[in-house]
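*Asks:*
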Amino acid sequence: MSEITNTNKEQKKPPLNGRRAIPLNNSNDEENEVPEMEAFGLIPRGFNPKDYLRVVDIHMFQEPHEINKQQHHTDKYYSPKLIVRRGQSFQIQVDFNRPYKPETDRFWLEYLIGRYPQQNKGTYIPILVGDVLKPGEWGAKITHKENNSVRLSIMSSATCIIGKFRLYVAVWTPFGILRTHRNSATDTYILFNPWCQQDAVYLDDEKEREEYVLNDVGIVFHGNINDIKLRSWSYGQFEENILDACLFLMDKAELDLSGRGNPVKICRVASAVINSRDDNGVIAGSWDNTYTYGVAPSAWTGSVDILLEYYSSKQPVRYGQCWVFAGVFNTFLRCLGIPARLVTNYSSAHDNNANLQLDFFLDDEGKVDTKLTKDSVWNYHCWNEAWMTRPDLPVGFGGWQVVDGTPQETSDGMYRCGPASVQAIKHGHVCFQFDAPFVYAEVNSDIVYSRREKNGTQVIERIDTTHIGQLIVTKKVGDDGMMEITEEYKFQEGSAEERLALETAVMYGVKKQTTQDTVYQPQTDVEMEFQAQKAVLGSDFKVTITFRNKSRNYYTATTYLSGNIVFYTGVTKNEFKKNSFNAKLEPSSSSAFDVVIKSSEYLSDLLDQASFHFFVTARINETGKILATQKATVLEIPTLRIKTQGETVAGKQMSVTVEFTNPLKQTLENVTLRLEGPGVLRTMKKEF
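Numbering-wise, UniProt numbering puts 638 at position 638 of the sequence shown, and it's gapless, one number per residue.
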């Protein structure tokens with residue numbers, strides 16, 4: 001019987017590579033061979049696998065009307081396989097050849113993805129059957145036993161890899177492990193889960209989830225600012241083979257499987273593979289009005305034809321322009337479960353050298369010199385926003401992220417753009433990855449008209465600060481109307497805050513010099529600090545901005561404070577406080593300025609974790625230099641005091657009193673108290 005132990009040695013070995021012990025694992029499509037009998041050693045003569053527990057059948061409950069696809073909001077996918085969302089439990093049933101006896105029988109599940117499954121990379125997932133499911137962690141428990149069948153509830157990790165997993169059921173025998181044979185009918189697709197609080201793409205509003213994840217049609221706004229036109233676009237993320245085509249895009253981009261649980265990485269590589277520049281990606285762009293051997297960009301009505309053609313031919317589909325790239329990108333994101341929307345920016349700057357100004361050079365007669373002028377203004381430009389937390393950035397920059405698949409400029413050597421935090425762009429904090437300066441320029445650049453004199457000196461004739469990014473829109477939630485989101489990207493045009501954000505962006509390394517030899521010189525003789533008073537939920541509190549003027553000069557500082565309510569993950573919900581003031585800074589002294597935050601300003605929008613995030617920016621008017629800081633702070637929530645009466649003896653009745661002080665100026669109604677004592681009592685819920 002020794003030939004059983006040899007079968008898995010004959011697999012083709014990949015070529016040796018001195019740097020890595022394990023080859024790249026970046027294809028969801030490739031598989032490894034899994035032995036059906038994994039012997040522990042020599043097998044005795046009388047061994048018969050049929051004497052042991054054997055799997056006869058596995059039921060996936062994968063039909064659209066059945067429990068899994070209903071609970072996981074995946075019933076619209078046109079696919080015969082099971083599709084679930086991560087961090088949420090699903091059901092399967094295993095039929096054995098005899099009743100399962102937990103005392104003596106041992107079985108477990110194995111989920112594998114890719115050709116080189118490894119447990120520490122999350123590509124090989126063994127799941128033992130236990131008694132409890134921990135939310136957001138891999139696990140399985142038996143919910144029902146009947147005759148030869150067991151019904152299992154399986155929980156996937158809320159950070160698990162997105163893709164198609166192969167399922168095996170393994171049974172332990174004294175002589176080796178018996179596995180089910182490879183059966184593609186039990187393949188399980190796992191997607192992002194915006195309904196799960198622990199998922200990085202969690203979105204808390206059901207109407208928004210229905211729009212940004214489940215709506216398979218949309219509207220693209222185009223035309224120009226004075227004549228807005230719209231076209232409908234069919235995203236078709238649930239159509240046949242589209243999910244496989246979207247997973248193929250990640251294979252094409254060579255994203256290692258272990259990185260595919262991270263929406264930031266997925267967006268980054270997808271923004272490169274949506275266009276055909278430098279990686280033979282999905283769509284070839286063409287802006288010259290000649291579309292020989294292809295389809296004119298304006299002829300497409302949706303993403304499905306493009307994705308299916310690319311999936312089968314593996315060659316770029318001709319031709320696209322910005323809304324086509326954005327439409328296909330939106331399909332990709334929604335299909336994988338990342339909330340996404342298509343955004344149009346009217347009068348969009350294409351800033352060729354990221355110096356935050358569009359340089360238009362005039363000739364002697366005052367006409368634009370087309371040879372010298374490299375920057376351009378697009379009537380409109382479409383990109384996408386994807387919703388996610390940004391654990392790679394400081395608190396406050398989660399939420400909507402700009403991703404752009406249209407090839408405009410290279411980023412780290414490839415044509416790609418994003419994800420860049422919309423919140424960071426609004427406040428000018430463009431030091432945070434990826435490509436924030438470029439997007440900042442698209443919505444905020446100044447247009448500088450300059451003319452070269454006969455002697456070679458350059459004279460600036462005019463600076464237009466309001467032309468760029470006049471209007472930024474997306475489709476409304478729940479209907480086909482237009483929703484303006486300019487305020488998400490920038491402050492009121494011409495306002496002090498807007499200029500301040502611009503100068504902050506310049507301070508954070510966005511170049512903005514007309515002459516190349518000016519060096520950035522920060523304001524070193526004034527320091528700014530921001531403190532927030534410890535505050536109890538429901539009360540007013542004050543925040544203090546302190547300036548230390550260490551110089552002998554008298555300065556004035558235009559100061560702007562923005563207070564935002566954020567989810568505990570750092571995603572902004574909304575801005576609840578705006579305050580600007582002029583601070584007079586006496587020489588060699590400190591000045592403190594208090595701003596009162598009233599409870600009425602924040603209570604209506606507060607979230608369960610009661611977190612705030614403040615931005616403070618100040619411009620020293622005499623020098624034009626910028627000071628900027630940001631801080632996250634959390635309100636104190638009243639503490640609960642627990643008292644027990646009666647004997648604390650097992651089996652005896654006792655009463656518990658829970659006390660707390662209501663800090664609000666109103667009576668509480670519908671208070672739910674949850675009481676749990678592990679090993680003492682099951683969770684109790686009581687309404688008051």
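Virtual Cβ for every residue (Gly too), placed ideally from N, Cα, C.
Applying the 10 Å Cβ sphere with the 16-neighbour rule, what's the burial state of Pro316?
*Replies:* Label assigned to Pro316: buried.
*Asks:* Using 8 Å for Cβ pairs, my map puts Leu358 next to Asp351. What's the rounded Cβ distance?
*Replies:* Yes, Leu358 and Asp351 are in contact; Cβ-Cβ is about 6 Å, under 8 Å.
*Asks:* Please confirm if the region 453–470 is in contact with the region 489–498, defined as three or more CB-CB distances below 8 Å between the two stretches.
*Replies:* The answer is yes - the region 489–498 touches the region 453–470, with three or more Cβ pairs under 8 Å.
*Asks:* Specify whether the region 27–37 and the region 50–66 touch according to this definition: at least 3 beta carbon pairs, one from each stretch, less than 8 Å apart.
*Replies:* Verdict: no, contact absent.
*Asks:* Grouping DSSP H, G and I as helix and E and B as strand, with all else coil, what is Ala200?
*Replies:* Three-state result, Ala200: coil.
*Asks:* Put Arg98 into one of helix, strand or coil per three-state DSSP.
*Replies:* Coil.
*Asks:* Taking the alpha-carbon positions, what's the Gln401 to Pro64 distance?
*Replies:* Looking at the two C-alpha atoms, the distance is approximately 32 Å.
*Asks:* Between the region 273–289 and the region 336–347, do three or more beta carbon pairs fall short of 8 Å?
*Replies:* Verdict: no, contact absent.
*Asks:* Taking 8 Å as the limit between beta carbons, can you name the residues of its chain near Cys207, skipping five residues before and five after?
*Replies:* Before going on, a small fix: residue 207 reads as Lys here, not Cys. Excluding sequence neighbours, Lys207 sits near Val477, Gly478.
*Asks:* Am I right that Val220 and Trp233 are in contact with their C-beta atoms under 8 Å? What's the rounded C-beta distance?
*Replies:* Indeed they touch by this definition, with Cβ atoms about 5 Å apart.
*Asks:* For the pair the region 240–256 and the region 86–95, tell me if three or more CB-CB distances fall below 8 Å.
*Replies:* The answer is no - the region 86–95 does not touch the region 240–256, with fewer than three Cβ pairs under 8 Å.
*Asks:* Figure out for me which residue from Tyr560, Ala505, Val543, Tyr508 has the closest Cα to the Cα of Glu497.
*Replies:* Per the Cα distances, Tyr560.
*Asks:* Suppose the cutoff is 6 Å on Cβ atoms and the five residues either side in sequence are ignored; what does the same chain contact list for Glu687 look like?
*Replies:* Hits under 6 Å: Thr672.
*Asks:* What does a CB cutoff of less than 7 Å around Ala441 pick up in its chain, not counting 5 residues either side in sequence?
*Replies:* Contacts found: Ala349, Asp351, Ala354, Leu356.
*Asks:* To the nearest angstrom, how far is it from the Cα of Lys625 to the Cα of Gln523?
*Replies:* Straight-line Cα distance between these residues: approximately 6 Å.
*Asks:* Taking the alpha-carbon positions, what's the His59 to Leu82 distance?
*Replies:* Roughly 10 Å separates the two Cα atoms.
*Asks:* Report yes if the CB atom of Lys542 is closer than 7 Å to the CB atom of Asp594, and no otherwise.
*Replies:* Yes.
*Asks:* What residues in its chain sit with their C-beta under 7 Å from that of Glu601, if we drop five residues either side in the sequence?
*Replies:* Correct list, in chain order: Phe576, Lys577.
*Asks:* Please report the distance separating the alpha-carbon of Pro638 from that of Ser539.
*Replies:* Roughly 12 Å separates the two Cα atoms.
*Asks:* Pick out whichever of Leu152, Asn147, Asn148 has its Cα sitting closest to the Cα of Ile127.
*Replies:* Ranking the options by Cα distance to Ile127, first place goes to Leu152.
*Asks:* Rounded to the nearest angstrom, what separates Gly398 and Asn97 at their Cα positions?
*Replies:* Using only the alpha carbons, I get a separation of about 51 Å.
*Asks:* Below 6 Å CB to CB, which residues in the same chain sit around Leu333 once its five sequence neighbours on both sides are set aside?
*Replies:* Closer than 6 Å at the Cβ level, and outside the excluded window around Leu333, lie Ala340, Ala386.
*Asks:* For Ile626, which three-state DSSP category applies?
*Replies:* Of the three classes helix, strand and coil, the one that applies to Ile626 here is strand, per DSSP.
*Asks:* Does the Cβ of Gln531 have 16 or more other Cβ atoms within 10 Å, making it buried, or fewer, making it exposed?
*Replies:* With fewer than 16 Cβ atoms within 10 Å of its Cβ, Gln531 is classed as exposed.
*Asks:* Just how far apart, CA to CA, sit Tyr520 and Cys431?
*Replies:* Here Tyr520 scores only 42 on pLDDT, less than 50, and its place in the model is too uncertain to base an answer on.
*Asks:* Comparing alpha-carbon positions, which option in Ile225, Leu257, Met388 lies nearest Val201?
*Replies:* Nearest of Ile225, Leu257, Met388 to Val201, Cα basis: Met388.
*Asks:* For Ser271 versus Arg416, is the C-beta distance shorter than 7 Å?
*Replies:* Against a cut-off of 7 Å, the Cβ pair of Arg416 and Ser271 comes out as a contact.
*Asks:* Just the C-alpha distance for Pro391 and Asp435, rounded to the nearest angstrom, thanks.
*Replies:* Taking the straight line from one Cα to the other gives about 17 Å.
*Asks:* Thinking C-beta only, is Ile161 closer than 7 Å to Leu24?
*Replies:* Contact flag unset, no.
*Asks:* Taking C-beta to C-beta, are Asn32 and Arg115 nearer than 7 Å?
*Replies:* In contact: Asn32 and Arg115 (Cβ atoms closer than 7 Å).
*Asks:* Could you tell me which of Glu487, Tyr311, Leu230 sits nearest to Tyr380, measuring between CA atoms?
*Replies:* Among Glu487, Tyr311, Leu230, the Cα nearest to that of Tyr380 belongs to Leu230.
*Asks:* Have a look at Gly327 and Gly236 and give me their C-alpha separation to the nearest angstrom.
*Replies:* Whole-angstrom Cα-Cα distance: 10 Å.
*Asks:* Buried or exposed for Gly651, please, with buried defined as at least 16 other CB atoms from any protein chain shown within 10 angstroms of its CB.
*Replies:* Under this definition Gly651 is an exposed residue.
*Asks:* Which residue comes first and which comes last in the beta strand (DSSP E) that contains Val448?
*Replies:* Here the beta strand (DSSP E) through Val448 covers 446–452.
*Asks:* May I ask which residues mark the beginning and end of the beta strand (DSSP E) holding Gly302?
*Replies:* That residue, Gly302, is in no beta strand (DSSP E); it is neither H nor E in DSSP.
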